[in-house]
Structures are given as C-alpha cells and as structure tokens.
Amino acid sequence: MSAPARVQLGGTAVTLLDAAEAVEAILGGCRGRTAPLGVVSANLDHVFHFGAGGRWQHALEAADDVEWLTLLDGAPLAVEAERITGRAWPRLAGSDLIGPLLDRAAADGLRVGFLGGSPAAQELLAARLAERRPGLAVAGFWSPSREELGDPDSARAAALAVAAARTDVLVVGLGKPRQELWIAEHGAHTGARALLAFGAVVDFLAERIQRAPAWVAEHGFEWAWRLALEPARLSERYLVQGPEAYLRLRRHSAAGGIALSAAARREAARASARAAHPAGRGLPRDGGGARPDAEGAFVRDGEGAEVAVVVVTYNNADTVDALVASLRREARAVRLRVVVADNSPDRATLDALARHPDVRAFPTGGNLGYAGGINAAVAAAGDAEAYLVLNPDTEVSPGAVAALLARLRASGAGAVVPLLIDDDSAPHLSLRREPTAARIWGDALFGAHFAGRPQWCAETDYEPESYAHAHTVDWATGAAMLVSAHAAAETGPWDERYFMYSEETDYCHSLRARGFEVWFEPAARVRHSGAGSGTSGPLAALLAVNRIRYMRKHHPGASAALASAAVVAREALRSYDGGHRRTLAALLRPRRWGALVPLAGPAVVPGQPPVPAAPAEHPRGSIVIPAHNEEAVIGRTLERLRPALASGRVEVIVACNACTDATAEVARAFDGVRVLELPEPGKGRALNAADAVATQWPRVYLDADIELPPAALASVLAELGRGRYLAGRPGFRYDDTGCDPLVAAYYRARVRVPSNRAALWGAGCYALSEAGHRRLGRFPEDAADDYYVDALFPAEAKVILDCEPVTVRPPQTAGSLISTLHRVYRAPALAGGGTPGRTVRGLLASVRGPLSAADAAVYATFALVGRRIGPLAGPAPWERDESSRR
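Going by the UniProt record's numbering, the sequence shown runs without a break in its numbering and finishes at 886.
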C-alpha cells in the first residue's frame, strides 16, 4: 500500500485520506501503539492557530511523546488541496468521523472516554450513547473548568483520571487551540492510544447543536450556519481570524513531504545540537562526563559547563546575593558557570560578589550598556553549551535552568525564554510579536486597553493561554533568555548601538533571520522584581527612541516612518504626564538622541584601573567599486565605509574607468582608499583591474551609487568567510521616490517574483568567496556582471542575508530603465542561458488581484523590450542609469 498523500496547507502538514482510510489509520492496531496518536482536523481556525505565523506554530511537533495525524477539513483547505494534487479530497470533519469511529471502537471492544463539554451536555450524551450505541464501552466523562486546565497540576490530574479509567480512545472537545495543546502536554499521561481533538463533537452527539443541512455543508457554508447560531462566540473566529488565516493558506501551501515520528524528531534535534556545539560536545552521547556539584558550587574556568550564566550589573549590590543563591540550587542539577560584567561606577557590586569566589566577576571599565555588558561577559564565559542571560534583579525558581535547557535540546531552538513572574507569582506579560507600524500604532492608541484586539495591532501578547503552554515567539522581554552557543556564534554580538532597551528585540530578530527559533517555556519560572536596575527620564526617552531605531534598521522606508509617527503620537497622547512630556521633547530633537545614553566612557574607580571593553574584530575582506564619472555619488558611498576602513581589516579599491570628472579626487580624500585610474571605459574592465590588485577575501563588489550599511558589510564578510557559501549579498529595498509610475510598477512586480528575490543581481552589491571567484575567473567585459555571476552558482551555493538592507535607487524614467535592462539581459544571452520560463511562472504566481496584475503586465512589457538587445558583437556601451544620479 502506498504512503498517503501529504500537503502543506497554510504551513501545517495535512494527510489526505478518505473516511474509511482515516478510521483505519486512527483505530487500526490502536492498543499496540507505543505512543498515542493525536488526531486533529485542519480548517482555517487550525491554520490561524497552528499554521505559518500562528501563535502555536511548531507547538504540536515539539511534543515528543505524541504522534500526530492531521486530517483535511474546511472548504478553503479542500480547494487548495485539490489545486496542489490535481484531484478532489473528502473533508473529514470530526463531527462526521465520530460516528464511524464509535462504531469501530464498539466492534473492537475499545473503551472510549469524553473530555470536555459542559456537565449538562455530557449527561445528555451519556443517555444518547446508552440508547443508540449500547455496545460501546464508555470509560467515563470529564469536564474540567478552564481554570483547572490552565493549572499544570490540575490538568495533569485530569489526565491521570483518564488513565485510571483504562481509556483506549479519548474524545477531547475543549475547542481550538486548547484541546490540541492539552493533548500535546498531557496526552501521554492519559494511557489512551488515540486522542481525538474534535471540538464541539460532544455537543453535536448530545444534539445540543444542530448540524448544518447537507447542501449548506457541501457548498462550503457550514461556517456561516454556525456563525448564525452562535454569533457572540464565533464572530471573531470567522470574521476577524478567518480572513487572516485564508491569506496564510494561500501563501504557505505546497506539496508536503514525509512526516518524521516523534522519536525521529527528538533524535534529530539532539544530533543537531551535539554537532553544532564546538568539538561536538554539546550533549553527552551516553550521559557520561562530569556531574553537577551536590553542594551547588559553580564550574571554574577550564572545566566543562552546560550553561554559562551571564549577568550585567549596574549598582546591584543589594540584589546579586539573592540571584546567586537561586543559581546555587540550580547548580545541583546543571553544571553552571557564572560570569558577571559590572558596569557600575564604584566597587560596591563587585565587593558583594567577592563573597562568592566561584563567580567570575569583573569591571567593564565604564557603563557599556546592557548589550555591551552581555558581549563582554560572553567573551569571558568560555566554552558552554548555552548562555543564560539574566537581569541582576531576577531569582531563578527551582528547576528553571534544567527546564530551559531541556526545551533548548528538544526543539533545537536558538533561544528559550522562561515565564517571568512578579513578587506575587503573577505572570509578567513578557511575550511580544515582531514590531510593525500597525502594532506600534495600536499600542500608541490603546495601550493595555482592549487586550483582545487582533494580533496585527498589538505587539504584546495578552492572551492568558499563551503563558500556559510552550510555543515559539517572535521575542520576549530580555530579563532572562537562554541562547545556544551555536546560535550565539552564528548570530554574533548583541548590537551595542541600542545601549539599553530594544537590544533583545534586535537580537531575537537576528536569531530568526538566521533560521533559529525562539521558544517560550512556561515550566521555567524566573522571578523578576523589575526595579533592581532603576529607571530615569533619559532612559524612558531612550526606550522610545530605540523603537524608532529598530524600525529604521529592520523595516526601513514607509513602515519606519509610520512607526516613528506612532511613537511620537503615543507620547503626545499622554503628555498630561510630565515624564511623557519630557520623552516627547526628546523625540522631537533627533540631533540630541545621542545624549540620552548615560556616560559610557571608562569609569574612574579608586584603586582599580579602568578596563576598556575589547571591541569585536571586523571581518576581513576587500571592497571593489567600479566608477565612471561618479563624482555626485561616490562620496556618500565611501562615507558609509569609514568604520570598515578604520578597522584596518578591509581594503577598499575604487576603479575609475575613463572618468572625466572629479571621481578620483573625491575617492582619494578618504584615508585608506586605493584609487585606480583606467583610460578605457567598461565596468568589466574596471572589475578585472581591481581584482588584479586586491589582496583579501571575501570580496564585495559594490556599485558606486549604493550605500552599504556597516552592519550589512560585516554580516556579508563574516558569512562568506565561514566557507559555507560561494556568493551572497545583503537584503535590499527600492526607493522609488521620483520614479515614473510605470517604473514604480515594474519594481513593485519585480520584488514579488520569488526567483528575483533569491538572485544576486538587482541590489548593486554582491560578494564572492575566494572559491567562488575561482569559479568565475574573469568578469565579462560586455554584460551585466551581477546577472552573469548569479547564473554561475546554484541556489545552495548562494546566501541572501536578512540584515540591514542596502538602498537601491532605481531608474527614474522608462527610457533609462530600458537602457539598464539592455545591459542586464545581455549576460544570459552571452552565456547561452537565462530562465525566462521560471520568471514567467513566478510573475504569474505573484498575481493576487487587479493591482498586482497591472504591475505584472508592466513588468512583462519592460522585460520584452529590454530583451531586444540587438547584435552581441563589438564593445558594449556604458549603459548605466543616469536618472537616479541627478
């Protein structure tokens, strides 16, 4: 028998079966299973919660002790499955399957239990089953309250009660996402071999809810029927969450692969973590090695540690003893090394830590800020499997470090954050979504009010359910965070430009950009007083300013502008308070933002010489800039390269070819820039001439009108320097200010085509490793270099970095765009290649409505005109765009 078809619908894996196959898959060999089977129905509600971008994405896969079978339900998903596979598939709603499943359970002698539904509904159901299915062995009925389900001990007690009733099949009707999360966390403790997450099926079986007529269900309008019956309960699901889920369905659906078992997933995560750690020592293969100290002593330098605890202090003499005491309890179960970087202006905190000789504490020499202190502490922490960043005013609850480490190992995540609680053990609202202009505006207008508003307009996660179950998050407040050593090495240091506030937002963004997940683990609890580090007017203003800085770094352009306006509006709306008035005044004086950072220079400590922080070394490399009459723009391009030049580890070569203006003189004015003056024009000749004198690798090729952010340059050089990729480039964005409408439409369509987003060309900047350059040899002298280079490398040899993007100013007029396209399309013509078919398919797939269709038509027209390049023989003219250089 062939394996069942699987597809990805909205980011969730769905197995396509008919009803008979589903019943067999669920109950066939039920009692012989080693792990319970969780059965869920995939509809738009499921996609919203568990699909791509959902709050609970990956939460089910992380359940090691439960296998999962996701069945097709919901008309939109059935249509999408048919589009992908080319054939129609039946919808298998739990309310339709429950009858055949109960019949099969009765025939096989399986004991069936029901969890969920009101006591009244269960009483009715018991009567219906006794009347209509007298041969069914009913194990019992359980109706825990929401409060009981939210309490881990009560939820586990419910599972043990199910086990005590010798239940084989458990129908779990708690509603999404609660029922799936309960199965993931407690299903293995029930003893049941099949757990059916079938929502309102108890009410359907008890006939408390009327099923939609057959013709309504067949035409995909059962949702409207249920909405009409229960508008108060279901309006948000169908009218607010439904459209968002439908967009995810269209964006994240494709043919699926083979599902891994829970055991295979667990072993893969362990193998990945072990291999990723330096020298393969991330996890013991047999549980051997040194054991934690029974007295709670910390690991000394030179000894192997599982976790290096990193703490940054600033006048925290009163709180560090409590933190260290809580860590000693953890050191009895996990091998800990504790490192403290002290930013304080005096020695009070270090004197307090001197009472703990197994804590490595040192002065940073000045107030480096939180990010700078973390970087200094990590550099001194030595080898460890993971780094636990803790605020000095926290206390770790028993078992928290072990729980964080267990989640890190099981999930293969880049970072794990705990449940933060206050002094009364109430949870902090610490979980956050990626900042966007809409969310910042929502927070500006409503603050903590209307906590149930849609996710797209709230950055803080207010949903209590989110703090009760493990799941992935975008980011969380940085009072406590466990980061794997592998992820820390890949991501690099924390961005010290934030000094304090938003650095954890930025760091989590960097983790996710490199493919790492950030997980929340509620079993790990960390008490955070929230006051130990203090606050001030300048720091409150710095918090607001850093939100703007973050948006400008990661969401530049219109989104950053809208977010900046929202930050200002937030303070203006609250300007009745003096603190908000001072923050508003600071926001309106951007030239003075640098003064918001407390003095970060070396502190003068009596009897203790200042210890300057050692900056991270800039990655080595070369930058080649071909230039032909670039006097108007070369200065601003080189200005962005000053930090790299100052490091002494990057060489910059400007190859002026046949320039008749002051390009060479402007370039020579920058210390460290080497200028070549060539008599003949031609970009290819300029690139080859610069290559002949360049000495370092990797090598960045940068157009003279492209401003390369320092962080992007460092990211590109570091990534290619690792040797995993042969070519790469940073992200880019188009600034179409002043462009003709048709030109703007062309570039809107261009960024929608997937193959273009994954290409090296179009950014005005790309880089090659030494091995990649050997594949190239010499640049062609009569073709677009970036297009030509892109065609040399398969996708797996290229990397597109999600870092601070370069800004590309496209041609302003249709004529200048056509001239540029002539040069671009000459490269594949010369190489005898090109992939117009793939581009056409991508262009058609990018159409989602009349506006995108119009943009696609403009793109296609320009592309056809641009491909009419004429004869290839003879030297090519210098076909660059002049309109954007005015």
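Beta carbons: idealized from backbone N, C-alpha and C, even for Gly.
Starting from the Cα of residue i, find the closest Cα among the options and give me that residue.
| i | options | result |
| --- | --- | --- |
| isoleucine 84 | Asp151, Ala5 and Ala158 | Ala5 |
| arginine 724 | Leu768, Ala690, Phe732 and Asp705 | Leu768 |
| alanine 692 | Lys798, Leu16 and Gly777 | Gly777 |
| threonine 660 | Ala214, Pro679, Leu645 and Ala470 | Pro679 |
| glycine 425 | Asn375, Ser95, His528 and Asn391 | One detail in the question is off: residue 425 reads as serine in this sequence, not glycine. Selected option, being the one with the closest Cα: His528. |
| serine 484 | Leu247, Ala305 and Ser95 | Ala305 |
| asparagine 316 | Asp393, Leu388, Ala371 and Arg332 | Asp393 |
| alanine 669 | Gly635, Glu651 and Arg685 | Gly635 |
| phenylalanine 204 | Gly94, Arg251, Gly296 and Tyr550 | Gly94 |
| leucine 687 | His186, Cys765, Leu720 and Val396 | Cys765 |
| leucine 69 | Asp103, Leu17 and Ala81 | Leu17 |
| arginine 640 | Pro805, Leu239, Asp736 and Val789 | Pro805 |
| tryptophan 56 | Arg291, Arg497, Arg178 and Glu385 | Arg178 |
| histidine 486 | Val79, Leu77, Gln210 and Arg514 | Arg514 |
| aspartate 151 | Thr861, Ala523, Ala690 and Gln812 | Ala523 |
Which same chain residues end up closer than 6 Å to residue i when comparing Cβ atoms and leaving out the 5 residues on each side of it in sequence?
| i | result |
| --- | --- |
| glycine 140 | Gly113 and Ala165 |
| proline 794 | none |
| cysteine 508 | Trp475 and Val518 |
| valine 675 | Val654, Ala664, Ala667 and Arg668 |
| tryptophan 441 | Ala566 |
| proline 144 | Ala158 |
| alanine 759 | Asp790 |
| alanine 137 | Arg111 |
| phenylalanine 516 | Gly414 and Ala487 |
Below 7 Å CB to CB, which residues in the same chain sit around residue i once its five sequence neighbours on both sides are set aside?
| i | result |
| --- | --- |
| tryptophan 182 | Leu149, Ala155, Val172 and Leu174 |
| phenylalanine 520 | Val417, Leu431, Ala470, His471, Val473 and Ala476 |
| histidine 189 | Arg156, Ala159, Leu160 and Ala163 |
| alanine 88 | Glu82 |
| residue 938 | Any property of residue 938 remains undetermined from this structure, which presents the chain solely from 1 to 886. |
| alanine 381 | Ala308, Val310, Arg337, Val339 and Tyr387 |
| leucine 129 | Leu136 and Val138 |
Can you tell me which of the three DSSP states residue i falls into?
| i | result |
| --- | --- |
| valine 633 | coil |
| alanine 106 | helix |
| lysine 176 | coil |
| phenylalanine 862 | helix |
| isoleucine 209 | coil |
| leucine 817 | helix |
| histidine 773 | helix |
| valine 847 | coil |
| cysteine 457 | helix |
| arginine 729 | strand |
| proline 805 | strand |
| asparagine 367 | coil |
| glycine 280 | Any answer about glycine 280 is weak, because its pLDDT of 34 lies below 50 and its placement is not dependable; what the coordinates show is given next. Reduced to three states, the DSSP call for glycine 280 is helix. |
| phenylalanine 204 | helix |
| phenylalanine 362 | strand |
| threonine 349 | helix |
| glutamine 241 | helix |
| arginine 166 | coil |
| serine 622 | strand |
| aspartate 855 | helix |
| aspartate 342 | strand |
| proline 810 | coil |
| isoleucine 653 | strand |
| leucine 136 | coil |
Between residue i and chain D, is there a C-beta pair that is closer than 8 Å?
| i | result |
| --- | --- |
| valine 624 | Within the model displayed, chain D is absent; a lone protein chain is all it includes. |
Would you mind giving the Cβ-Cβ distance between residue i and residue j, rounded to the nearest angstrom? I have them listed as a contact below 8 Å.
| i | j | result |
| --- | --- | --- |
| valine 751 | leucine 843 | The pair is not a contact, with the Cβ atoms about 12 Å apart (cut-off 8 Å). |
| arginine 729 | aspartate 855 | Wrong, their Cβ atoms sit about 24 Å apart, outside the cutoff. |
| isoleucine 818 | phenylalanine 862 | 7 Å |
With a CB to CB cut of under 8 Å and the five nearest residues on each side skipped, what residues in its chain are close to residue i?
| i | result |
| --- | --- |
| leucine 323 | Val311, Leu390, Pro392, Asp393, Thr394, Glu395 and Val396 |
Checklist entry - Should the region 33-50 be regarded as contacting the region 69-76, the criterion being three or more beta carbon pairs within less than 8 Å? => result Yes, the region 33-50 is in contact with the region 69-76.
Next on the checklist: Under 8 Å, with one C-beta from each stretch per pair, do the region 463-476 and the region 436-444 reach the 3-pair mark?
Outcome noted: Result no; under three Cβ-Cβ pairs closer than 8 Å.
Next on the checklist: Would the region 458-466 count as touching the region 405-420 if we require 3 or more Cβ pairs under 8 Å?
Outcome noted: The region 458-466, when compared against the region 405-420, does not touch it at the 8 Å Cβ threshold.
Checklist entry - Between the region 345-355 and the region 329-337, do three or more beta carbon pairs fall short of 8 Å? => result With fewer than three CB-CB distances shorter than 8 Å, the region 345-355 does not count as touching the region 329-337.
Checklist entry - Are the region 318-334 and the region 385-405 touching, with three or more C-beta to C-beta distances below 8 Å? => result Look at the beta carbons and you see the region 318-334 touching the region 385-405: at least three pairs across the two are nearer than 8 Å.
Next on the checklist: Quick check: the region 291-307 against the region 364-379, are at least 3 beta-carbon pairs closer than 8 Å?
Outcome noted: Taking a cut-off of 8 Å on C-beta distances, the region 364-379 does not touch the region 291-307, as fewer than three cross pairs fall below it.
Item to check | Given 8 Å, three or more beta-carbon pairs between the region 618-634 and the region 691-710 | outcome: At 8 Å Cβ cutoff, the stretches touch.
Item to check | Segment contact flag, the region 577-597 with the region 540-559, C-beta cutoff 8 Å, min 3 pairs | outcome: The region 577-597 and the region 540-559 touch, with no fewer than 3 CB-CB distances between them shorter than 8 Å.
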